[in-house]
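Okay, so here's the structure we're looking at.
Residue numbers (the numbering used here): 205 to 382.
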């Protein structure tokens, strides 16, 4: 996919037409998925295309900060405060914690640290955070971790339409990589 600017134009047009997401969110999710796919050219092409639609340098700077924050959150995939973890996993949070602790207590410390990064809602809402996690996990092929986040996105307020649109973005990125 790298270097195929027509493909990126299609990808951008496709993503911003999906229901339940505005252009800002769709473009952010594309950048998350392309980051997970290790496609720097794709991130640059999509970001440049979106920046062209914004009127002022202030709007462009605000979107760059939003996207930077989204990408920073995506690399962690996990983090704490407990409240966000519990909102995502709800009734399953205790069993998920026990499962992670059973694998390795140090892994649980990493999960706690990670949730402290992604629970910040200054730039992205909880819904946007979970949608970015869905795109990231799908693009990386992390299906065991994806399933709880599909439910978790709905638990924090995402609509079914938003979840399906995020998955469509990830699927198109995956198809274009092949």
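We put the beta carbon where it would ideally sit given N, CA and C, even for glycine.
Residue i in three-state terms, based on DSSP
i           : result
residue 386 : The question about residue 386 has no answer here: the residues shown for the chain are numbered 205 through 382.
residue 308 : coil
residue 224 : coil
residue 231 : helix
residue 211 : helix
residue 343 : helix
residue 259 : coil
Whether residue i touches residue j by CB criterion (7 Å)
i           : j           : result
residue 241 : residue 377 : yes
residue 250 : residue 233 : no
residue 153 : residue 212 : Because the chain here runs from 205 to 382, residue 153 falls outside it and cannot be looked at.
residue 360 : residue 291 : yes
residue 334 : residue 356 : yes
residue 227 : residue 236 : no
residue 239 : residue 254 : no
residue 297 : residue 289 : yes
Exposed unless 16 or more other CB atoms sit within 10 angstroms - verdict on residue i
i           : result
residue 252 : exposed
residue 330 : buried
residue 270 : buried
residue 342 : buried
residue 310 : exposed
residue 229 : buried
residue 332 : buried
residue 362 : buried
residue 313 : exposed
residue 207 : Residue placement at residue 207 cannot be trusted, given a pLDDT of 49 that sits under 50; the coordinates are not used to answer.
residue 373 : buried
residue 273 : buried
residue 369 : buried
residue 340 : buried
Limits of the unbroken alpha helix (DSSP H) element including residue i
i           : result
residue 350 : 347 to 359
residue 382 : Careful: residue 382 lies outside any alpha helix (DSSP H) and carries neither H nor E.
residue 255 : 244 to 255
Rounded distance between the beta-carbons of residue j and residue i, thought under 8 Å
i           : j           : result
residue 336 : residue 277 : 6 Å
residue 380 : residue 215 : 7 Å
residue 348 : residue 293 : Not a contact, Cβ separation roughly 14 Å.
Residue i Cβ short of 6 Å to the ligand ATP heavy atom set
i           : result
residue 266 : The ligand ATP is not among the ligands present in this structure, which contains no ligands whatsoever.
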